[in-house]
Each structure stands twice: as C-alpha cells, then as structure tokens.
Amino acid sequence: MKQPDLQMHFKLKFSPEGADMLDVRYNVIQWVHRSTRGWSYGSSVVDPRTGEIIKGHVSLGSLRVRQDFLIAEGLLRPYNKNKSNNLMEKMSIERLRQLSAHEVGQH
Numbered sequence: 264m265k266q267p268d269l270q271m272h273f274k275l276k277f278s279p280e281g282a283d284m285l286d287v288r289y290n291v292i293q294w295v296h297r298s299t300r301g302w303s304y305g306s307s308v309v310d311p312r313t314g315e316i317i318k319g320h321v322s323l324g325s326l327r328v329r330q331d332f333l334i335a336e337g338l339l340r341p342y343n344k345n346k347s348n349n350l351m352e353k354m355s356i357e358r359l360r361q362l363s364a365h366e367v368g369q370h
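In our numbering, the protein residues as written are 264 to 370.
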C-alpha cells in the first residue's frame, strides 16, 4: 500500500478587504503586539466525520521571533563567536513556522 504524501504546503496571503477572522473560509495567523511575554495559542475547526482540519486560527505574540532568536543566540553563540547571525535568524524563523503548524494541530 502506497503511503499518502503528507508534505505540508503553506501559502501566505493577506485577507481580502472586509474578511472576518471567524469566517471558516479563512485560516488566520494573528500577530498580537504585547509589551511583555504572552502565550501563543491556536484553535481549529474540524470536520467531525473525517477529522480534517478545515480552519485554523493562530495567535502569535510579536516578540516571538525575538525571544526565539535570543534562545538560539544563547545556545549557539559560544560555538560561533565570530560568525554572523544567519543561523540564529534561520532557527528563529523555522521555530515560528513549526509553532504556527503546531497551534493548528499539524505537529
């Protein structure tokens, strides 16, 4: 039996003018600006017949990338003292991608 292709593909688009974030037709990643630490969270609408996720809504704090960058820097800087921040930046962005998928139930 052939295994299904479970590769995840994401496409980022801005919402249409007047779109409602609660509308089931739109998956939403919402940036929330905070001056202090806040939790990321997600929810989803699932088809009870199939288990398919038909809508995801993720709220991420705007400081998330900075926090993850500082974690990466703490882990990697001792071993990369003279190197650029590219690896730390890449790690921060990949963490944001993973967190977004996790919050809608994909990981």
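Ideal placement from N, C-alpha and C gives every residue a C-beta, glycine not left out.
Just so it is clear, the structure is predicted and the values come from calculations on it, not from any experiment.
Going by DSSP in three states, residue i sits in which element: helix, strand or coil?
i: Gly337; result: helix
i: Tyr304; result: strand
i: Val295; result: strand
i: Val287; result: coil
Give the range of the alpha helix (DSSP H) segment to which residue i is assigned.
i: Val365; result: According to the sequence displayed, residue 365 carries His and not Val. Start and end: 349-366.
Which one or two residues does DSSP pair with residue i in a beta bridge?
i: Leu275; result: Paired residue(s): none; Leu275 is not in a bridge.
i: Val309; result: Ile316
Could you please give the first and the last residue of the uninterrupted beta strand (DSSP E) stretch that includes residue i?
i: Leu378; result: Any question about residue 378 goes unanswered here, given that the chain covers just 264 to 370.
Are the beta-carbon atoms of residue i and residue j separated by less than 9 Å?
i: Ser363; j: Ile292; result: yes
i: Glu357; j: Gly319; result: no
i: Trp302; j: Gly337; result: no
i: Val308; j: Val287; result: yes
Using the Cβ count rule (16 or more neighbours within 10 Å means buried), how would you classify residue i?
i: Glu280; result: exposed
i: Met351; result: buried
i: Asp331; result: buried
i: Ser306; result: exposed
i: Ser355; result: buried
i: Ala335; result: buried
i: Arg327; result: buried
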